[in-house]
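The block underneath contains the structure these notes are about, expressed in structure tokens.
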Amino acid sequence: MIPILSAVAVLVFFGSAAFVLQRRPGLSACLGGLGPVLAALLSWRVSFGVLLGDAPVWLQAAWSMPLGTFSVGLDALSAFFLILILGLSALVAVYGIGYFRPAAGGRPAGGVWFCFNILVAGMMLVCLVRNALLFLVAWEIMALSSFFLVAFDYERDEVRRASWTYLVAAHLGTAFLLPLFLILGGPDGSQELGAVGRALSPGMANLCFVLALIGFGTKAGIMPLHVWLPEAHPAAPSPVSALMSGVMIKTGIYGFLRILPALGAPPLWWGLTLLAVGAVSGVLGVLFALAQHDLKRLLAYHSVENIGIIMLGLGTGLVGLSLGAPAVAALGFAGGLLHVLNHALFKGLLFLGAGSVLHATGTREIDRLGGLLKKMPDTGLVFLVGAAAICGLPPLNGFVSEFLVMLGALNGIAALSAGPAAALAGVMASLALIGGLAAACFTKAFGVVFLGESRAVELRAVHESNVWMRLPMLVLAAACVGIGVFGWAVVSGLSGLVKSVAGSAIGVETTSALFAVTMGAAALLGLIGLLAGLRRWLLFRRPRTETDTWGCGYLAPSSRMQYTASSFAQPLADLFLFFLRTRKHARTPDAVFPGASRFDTETPDVSRETVYRPLFEFVAQMLGRFRVFQEGRIQVYVLYIVVTLLVLLLWQWRRL
Amino acid sequence: MNTWIEIAMLALLLSDMALLGLSVLSTSIGVVAFQGVLLGGFALLAQHDVLSPRLLAIAVGTVVLKGGVYPYLLRRAIQEAGIRREIQPFVGYVPSVLAGVVMMGIAVWLGHSLPLRADLPLVVPASLMTLFTGLFLVTARKTALIQCLGYLVLENGIYTFGVAAVGEIPALVELGLLLDAFVAVLVMGIAIYRINREFDHIEADRLNVLKG
Amino acid sequence: MFRQEWLWAVFCLPAAVGLLAPMCPRPRAILGAMLAGVFATAFCGFRLIGAVFMKGPVSAASEWLRLDALSAWHLAILLIVFLMSSLYAWVYFEEERRAGRLSLKSVRLFAGLWCGALSAMALVLISNNLAIMWVGIEATTLLTAFLICVHVTRESLEAMWKYILICSIGVAFAFMGTLLAAASAQGLEGGTRQALLWTRLLEGAAQLDPRLMKAAFLFLLVGYGTKAGLAPMHSWLPDAHSQAPAPVSAIFSGFMLNTALYCIIRYVPVVEAATGGSGWCLRLLAGFGVFSILVGAAFIVFQKDLKRLLAYCSVEHLGIITLGFGLGGFGIFAALFHTLNHSLCKTLSFFAAGRLGQWFGSHDMEKMKGSCRVSRVWGVGLFGSLLALIGVAPFALFMSELQILKAALDHGAIVSLVLFLAGAGVVFIGMLARAIPLMWGKTSDAVSPVRAQFLERLVVAVPLIVLLALGLWMPLPLRAAIEAAARIVDPGTAAVSSALLAGGAP
């Protein structure tokens, strides 16, 4: 336990040092970036050891706070998330050294480094602590530090609004967790998470499940509770978005999994609820992503989608658990957990890539970009890898986890009775739909941003990112490929974790199936590579010319004739107009010699527009009516007192 | 002895009704002064033991303060403000008197259900009635001065109740209470004076800028 | 050694300073004398408090003055609030004087009344006689009334009038309650002459007349509740807080409300014992607490004036504290802890509101945007204290609110728990929506950045750091002190709470 706790201390120390020394930007950035890297180095051995089968570590000390003890522990589940958090944080921190180089006269980034380190420390603590009180403190420290990170660019109006949305969502989520943890506390007042709490009645267990789903789901970003994601991620600096989307939202999943055993045997409807939530988040998330024009907003909606996939996995596992089908449970949980890891890798990579684009061009508007591949080949390449991975294409990592969930669902359809089987068939259908739509979405994102010709942004000013920024992205891309190719090995490595969560391990036939599929895909890809090499060899030293894209005979092509993000997504978006409520602003060409015409779309978040905003406004309006009770007349005020007294006296008269 | 107390209580009740029906400020102040004197006498009568110096001091203090000093302060405030009567109260004078009758009913009912001083059936109802009257004046009139007066009447009611229900309280405490009431009236007087100087009126009803 | 003399000193010293300080010739000298007086009082007070927690209650004047753990805890908070506010007043009035908004006469009035208020509040806490306690409360009202209109404006006069009248009437009800309590004790040995001593009342609580005691408690609850700002008797509070100069608002919210609540709490063990431990008065307290939380939350949403917003926030927090007391057992511990946290935090936010208001020339939140650009120190102070007030961890208020939730759950008070969470949620949303523009919004061009003095940095940093530290770590002596205070309110459940406090073994 000592190395891990000292890693937390290192983070706090380096963060503070970076803050204190912010007058010297170079030193401050190095210190701030060094913190997560050192923390990762300090704790990787222990964490991997526990994940791969060492005995869990446990430490308890007194804490003077009532109800609290300082108890921390590391088991396979914690270790898995800890590795994820520290790995991505270290890479993002290195990226941040390059990203946060202050422009001349700009604001010093000491505060950012402080919050960054504290955020990482908070996430570590969330995964480590075993006392409810301490958990909530760590949970809130995490929320608060990331709030300040989101608000980093506070000069802009929308950033301030986004930071408000974010902290409100985070805190309201916590408000659901408070009663949950208090209910789970032991009868003697202890609040240990691991300890067996009071035996819950079924009603109480159901209540706890709902509270946990809402509380942790808000952090994770499941569909109706996701509103903060598309606001906060674009507002935050890109490394922060990568960290938040990559690992912070996963702490919601962690918390859910941590609480689940304490609730007792799961009834079937829990699993079905998770499946429904997962399907809705997944499908609607990707649909909304398709309709966005802001690169980071698009990625944020993809986070919702991927949380949906994770939920589908967990739901499948839970259905298996409640119906006593160990193979289904193992496959579902394994898929969900592995997708947590995979999403952290490729979403971190994609956000970092988007950050590089933003850093180089100064805009996140997809429709203003284009042709960046010529100037930013490395960034473009890794972005492509990430995009392919998130679409679930073999032999990349996204495929592995989705494959496991699919297998779990298939297993369940074969083994279970008609009702749950139908639900699991729904899982397969939604996974397929999600995959297809995600592919369309990233074709659009990658195609419009990196391919074609430049649009509003002048390519001449664009530069490839510096080495601090490129290196972490390359590492992440390599990890995506690595897990994709060696998925069978990773899955067997996670067997201990899966066994601890699902109660049963994954069979050998699964890994071998996975091996076969991955190898087939790798072989196909290798063949394509071989053909490309052959073409290159054949063309070697022969004269070649490069021309513009063929304009179908039109002689004066301009970059404005390319597909835009709106027009690319339009057919699909029209298909799902019922969900998306896209607003179109179009002036179509109408005469023989048409004037200027334009087409653009805007897709605000439906749940924000139709649920939260009206609800908040309604509440504010209702509360505004209370004004009449405080209208300034002293006589009325005195009357309040008298009436209160009389009411009390009359009410209590019989009891007096 | 008890007969005298009953008579004093009747007078107190009547003065309450008078306060509800009167509109001229100086007369109201006179009625409150009368109540003060009444209470001083009541304090003397209510104790069964012999006339102790403590009791005498309190009675004299009551009469001087409630019967002399407060009315003097309030009269001065009237002169400063230059008003003679309340023009438009929230509740008119006839309805006020009717409300007074209702309040008297409630007071009698309440007084009989509280287990206090069964030997003096009028004391608790009269004290409660005085208390209600004070509250009524505070809430149903507009002039700040009458509100101050209402507060005094309220204090009178509580004082009567205290003497009736508790009897013996250490002299120091009682003097402290009297002193507090004195300062309260003083502070209210100064406040009215300042309000009048700043606003040119002392209608509490028009002090309603702060709201929400 | 001189414990009895210390007890007298806590009350007499500020009174004397209050009389003498205004005689100084120059404003600085007056404020300096006032500051010295407050420091000297704090010195005596803390010696005394230390003695109480180490050796047990101190009493003087044949039991008329008495300081036990409960009052010592409150006295400690009172002294802290007054120390901070006096230091701040030094800075605040310096600026006012420079701007020509303050005459020598006003400074004299302020210094005299300020020390007088300290003395009166100390009297409330150290008196064992319930009637003297009432005298102290009434004196507090009267002494602080003119503090509201140190700056004479129409609004401040209006606020003062409302404050005097409403609080006087409320406190008159409390007197009625005191009388009823005394009446219920007529069967007691020693008669009513002794009955108003709290210790006697508690000893003989079983012989009190329960009906009269209950009626007394209703009057006391409404009466002192008016002064404590419990809804729906709170109507004077936003007016007075918004119009008073910032140091005065700070002591109003920081401690005067708690003083009145303290008076109610004093009666709780007596009423409980007289009614056979039925929890009757606790339920009433919890009801008022929840109602205050809801009313505070509802009114916070549409406030435009920063100090009014803070005033409604005080209504909410006093509601939380009252709810904690009303839950009994562990809730009392949490409520006492919350009292300290809230006082520290609210004083700081009023300081910041006042200081920033001096530069912006207004307390309108539309005009006060972007305070961190005007003054980094005060901007951070305001934002930090607002965040703490709305219950963001790791500030100590989060902890105490969590403990109150725990108490509610253990007590089975699910409705209270849900309503508390709902109210806190509304407050969070509403106040955060104000706090973010206040901190970061676009500043109007008229205001130029100001540098803060060292003293100001101190006044901002100390409360924030203490709140942060208390949120993460509670020193054991502090915990023991709060436990001792809680045991006085509710001796029966001390065992339960200490079991809770021990923290669970795995």
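Protein chains in written order, with my numbering: chain B, 1 to 656; chain Z, 1001 to 1212; chain L, 2001 to 2506. Even for Gly, the Cβ is constructed at its ideal location relative to N, Cα and C. Small disclaimer: the values here were computed from a predicted structure and weren't measured.
Does B:K584 come out as helix, strand or coil in the three-state DSSP assignment? Sequence index remark: in the first sequence, residue 584 of chain B carries index 584 (1-based). DSSP places B:K584 in the strand class (E or B) of the three-state scheme.
Cβ neighbour criterion (16 or more within 10 Å) applied to B:F442: Within the first sequence, the letter at position 442 stands for residue 442 of chain B. So B:F442 ends up on the buried side.
On a Cα-Cα basis, can you pick out the residue from B:V606, B:R627 and B:A212 that is closest to B:M223? Position 223 of the first sequence, counted from the start, is the residue given in the question as residue 223 of chain B. Of all alpha-carbon atoms in B:V606, B:R627 and B:A212, the one lying nearest the alpha-carbon of B:M223 is that of B:V606.
Within 8 Å, strictly: CB atoms of L:G2391 and L:L2382: In the third sequence, the residue the question calls residue 2391 of chain L occupies position 391. In the third sequence, the residue the question calls residue 2382 of chain L occupies position 382. One thing to note: L:G2391 has its Cβ no nearer than 8 Å to the Cβ of L:L2382.
Every unbroken beta strand (DSSP E) inside the region 2014-2065 of chain L [3 residues or more]: 2058-2060, all fully within the region 2014-2065 of chain L.
From L:L2432 to L:K2367, what does the alpha carbon distance come to, in whole angstroms? Translated into the one-based positions of the third sequence, residue 2432 of chain L becomes position 432. Translated into the one-based positions of the third sequence, residue 2367 of chain L becomes position 367. About 17 Å.
Note down, in chain order, each residue of its chain lying with its Cβ closer than 6 Å to the Cβ of Z:E1174, except the 5 sequence neighbours on either side. Residue numbering aside, residue 1174 of chain Z sits at position 174 when the second sequence is read from its first letter. Within the same chain, Z:E1174 has close Cβ partners I1058.
Cβ pair L:L2348, L:V2460 closer than 8 Å: Walking along the third sequence from the start, residue 2348 of chain L turns up at place 348. Walking along the third sequence from the start, residue 2460 of chain L turns up at place 460. Result yes, Cβ atoms of L:L2348 and L:V2460 sit closer than 8 Å.
Relative to the C-alpha of L:I2265, which candidate in L:A2250, L:M2256 and L:C2281 has its C-alpha closest? Here residue 2265 of chain L refers to the residue found at position 265 when the third sequence is read from its first residue. Measuring from the Cα of L:I2265, the nearest candidate turns out to be L:C2281.
Quick one: what does DSSP say Z:T1143 is sitting in, helix, strand or coil? As a first step, residue 1143 of chain Z must be located in the second sequence, where it is residue number 143. Strand at Z:T1143.
At what residues does the alpha helix (DSSP H) containing B:G332 begin and finish? The residue given as residue 332 of chain B occupies position 332 in the first sequence. It spans P326 to T361 - the alpha helix (DSSP H) in which B:G332 sits, taken as one unbroken run.
Leaving aside the five residues before and after Z:L1073 along the sequence, list all residues of the same chain whose C-beta is less than 8 Å from its C-beta, in chain order. Counting from 1 along the second sequence, the entry for residue 1073 of chain Z is found at position 73. Only V1185, L1186 and G1189 meet the Cβ criterion.
Determine which residues of the region 289-322 of chain B have a Cβ less than 7 Å from any Cβ of chain L, and write them out in chain order. Listed by position, the residues of the region 289-322 of chain B near chain L (Cβ gap below 7 Å) amount to none.
Any idea what DSSP makes of Z:Q1079, helix, strand or coil? Along the second sequence, read from residue 1 onward, the residue named residue 1079 of chain Z stands at position 79. DSSP places Z:Q1079 within a helical segment (H, G or I) once states are collapsed to three.
Which residues DSSP lists as bridging B:R598, in chain order: Translated into positions along the first sequence, residue 598 of chain B becomes position 598. DSSP, once it has assigned bridges, lists B:R587 as partnering B:R598.
Express the C-alpha separation of L:T2141 and Z:I1083 in angstroms, rounding to a whole number. Here residue 1083 of chain Z refers to the residue found at position 83 of the second sequence. Here residue 2141 of chain L refers to the residue found at position 141 of the third sequence. Each residue's alpha carbon lies about 28 Å from the other.
Might you give, ordered along the chain, the residues of its own chain that have their beta carbon closer than 7 Å to the beta carbon of L:A2260, omitting 5 neighbours on each side? Numbered from 1 along the third sequence, position 260 holds the residue referred to as residue 2260 of chain L. The residues are I2137, Y2224, K2227 and A2228.
With three or more C-beta pairs closer than 8 Å as the rule, is the region 320-338 of chain B touching the region 288-300 of chain B? Using a Cβ-Cβ distance cut-off of 8 Å, the region 288-300 of chain B and the region 320-338 of chain B are not in contact, since fewer than three pairs of beta carbons, one from each stretch, lie closer than that value.
What is the rounded straight-line gap between the Cα of B:V50 and the Cα of B:W58? One-based indexing of the first sequence puts residue 50 of chain B at position 50. One-based indexing of the first sequence puts residue 58 of chain B at position 58. Straight-line measurement puts the Cα of B:W58 at about 11 Å from the Cα of B:V50.
Could you check what DSSP says for L:T2513 in three-state terms: helix, strand or coil? With chain L represented from 2001 up to 2506, any question about residue 2513 of chain L goes unanswered, as that position is not in the structure.
So, L:M2176 versus Z:I1158, is the Cβ gap smaller than 8 Å? If you number the third sequence from 1, residue 2176 of chain L lands on position 176. If you number the second sequence from 1, residue 1158 of chain Z lands on position 158. The answer is yes: Cβ separation under 8 Å.
Would you mind working out which of B:G355, B:P234, B:W269 and B:A445 sits nearest B:G419, comparing C-alpha positions? The residue labelled residue 419 of chain B in the question sits at position 419 within the first sequence. Residue nearest to B:G419 within the set B:G355, B:P234, B:W269 and B:A445 is B:W269 (criterion: CA-CA distance).
With 7 Å as the C-beta to C-beta threshold (strictly closer), list the residues of the region 1158-1187 of chain Z near chain L in chain order. Going along the region 1158-1187 of chain Z in chain order, one finds I1158, F1161, G1162, A1165, V1166, G1167, E1168, I1169, P1170, V1173, G1176, L1177, D1180, V1183, A1184 and V1187 with a Cβ nearer than 7 Å to chain L.
What does a CB cutoff of less than 6 Å around L:A2393 pick up in its chain, not counting 5 residues either side in sequence? Working through the third sequence from its first residue, we reach residue 2393 of chain L at position 393. Correct list: empty, nothing qualifies.
Closest to L:W2090 by C-alpha separation, out of L:P2245, L:V2052 and L:S2059, would be which residue? Translated into positions along the third sequence, residue 2090 of chain L becomes position 90. Here the closest residue by C-alpha is L:P2245.
Coarse secondary structure for Z:R1085, derived from DSSP in three states: As a working mapping, residue 1085 of chain Z is identified with position 85 in the second sequence. Z:R1085 falls in the strand class under three-state DSSP.
Just verifying my parser: in three-state terms, what is the DSSP assignment at B:L555? To locate residue 555 of chain B, count along the first sequence from 1; it is residue 555. Assignment of B:L555 by DSSP, reduced to helix, strand and coil, places it in the coil class.
C-beta atoms of B:S559 and B:T601 nearer than 8 Å: Numbered from 1 along the first sequence, position 559 holds the residue referred to as residue 559 of chain B. Numbered from 1 along the first sequence, position 601 holds the residue referred to as residue 601 of chain B. Not in contact: B:S559 and B:T601 (Cβ atoms no closer than 8 Å).
Counted within 10 angstroms of its Cβ, other Cβ atoms place B:C552 as buried (16 or more) or exposed: Translated into the one-based positions of the first sequence, residue 552 of chain B becomes position 552. Exposed, since its Cβ has fewer than 16 Cβ neighbours within 10 Å.
Taking DSSP's pairing of strands, which residues face B:T69 in a bridge? Position 69 of the first sequence, counted from the first residue, corresponds to residue 69 of chain B. B:T69 is bridged to B:A62.
Following the continuous alpha helix (DSSP H) through B:R470, name the residue where it begins and the one where it ends. Counted from its first residue, the first sequence places residue 470 of chain B at position 470. Counting along the chain, the alpha helix (DSSP H) containing B:R470 begins and ends at V467 to V485.
When you compare only the Cα positions, how much space is there between Z:V1094 and L:L2221? By 1-based counting over the second sequence, the position of residue 1094 of chain Z is 94. By 1-based counting over the third sequence, the position of residue 2221 of chain L is 221. As the crow flies, the alpha-carbon of Z:V1094 is around 34 Å from that of L:L2221.
Per DSSP, which residues does B:N131 bridge with? Please list them. As a working note, residue 131 of chain B is residue 131 in the first sequence. In the DSSP assignment, B:N131 is bridged to B:E192.
For B:G26, does the count of other Cβ atoms within 10 angstroms reach 16, so buried, or fall short, so exposed? For the purposes of this step, residue 26 of chain B is taken as residue 26 along the first sequence, with counting starting at 1. By the neighbour-count definition (other C-beta atoms within 10 Å, threshold 16), B:G26 is an exposed residue.
Which residue wins for smallest C-alpha separation from B:L149, given the options B:N117, B:V137 and B:L177? For the purposes of this step, residue 149 of chain B is identified with residue 149 of the first sequence, where counting begins at 1. Ranking the options by Cα distance to B:L149, first place goes to B:N117.
Cα-Cα separation, Z:P1123 to L:I2465: Locating residue 1123 of chain Z in the second sequence gives position 123, counting from the first residue. Locating residue 2465 of chain L in the third sequence gives position 465, counting from the first residue. Residue identity differs from the one stated: residue 1123 of chain Z is Val in this sequence, not Pro. Rounded to whole angstroms, Z:V1123 to L:I2465 spans 58 Å at the Cα level.
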